[in-house]
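S.K.:
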């Protein structure tokens, strides 16, 4: 299942990255960056789901690590930047 889900997602991420590098208009650059970040988030979610299935099958070893909670929150909220601007809240 992993391969069937990851392959198209990697293609989407690749095209979003190319667009982000090629686009010069700041508005569209921000949009393509948002597409890429959302794709990365989806990829991370997919990894977590697959990890959960491995945990349930007792086939995964967890590696605990420290994270910067502020960075995690800022990254998570950045997905809503366009909606905030669109609705005039900024």
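Numbering (the working numbering), first residue to last: 15 to 104. Glycine residues also receive a C-beta, built at the ideal position from the N, C-alpha and C atoms.
(1) Return helix, strand or coil for residue 88, following the three-state DSSP convention.
(2) What did DSSP end up calling residue 18 once you bin it into helix, strand or coil?
(3) Give me, in chain order, the residues of the same chain whose beta-carbon lies closer than 7 Å to that of residue 51; leave out the 5 immediate sequence neighbours on both sides.
(4) Determine the contact status of residue 34 and residue 47, defining contact as a CB-CB distance below 8 Å.
(5) Do residue 53 and residue 23 count as a contact pair if the criterion is CB distance below 8 Å?
(6) So, using beta-carbon positions, are residue 19 and residue 60 closer together than 8 Å?
M.R.: The short version:
(1) helix
(2) helix
(3) 92 and 93
(4) yes
(5) yes
(6) yes
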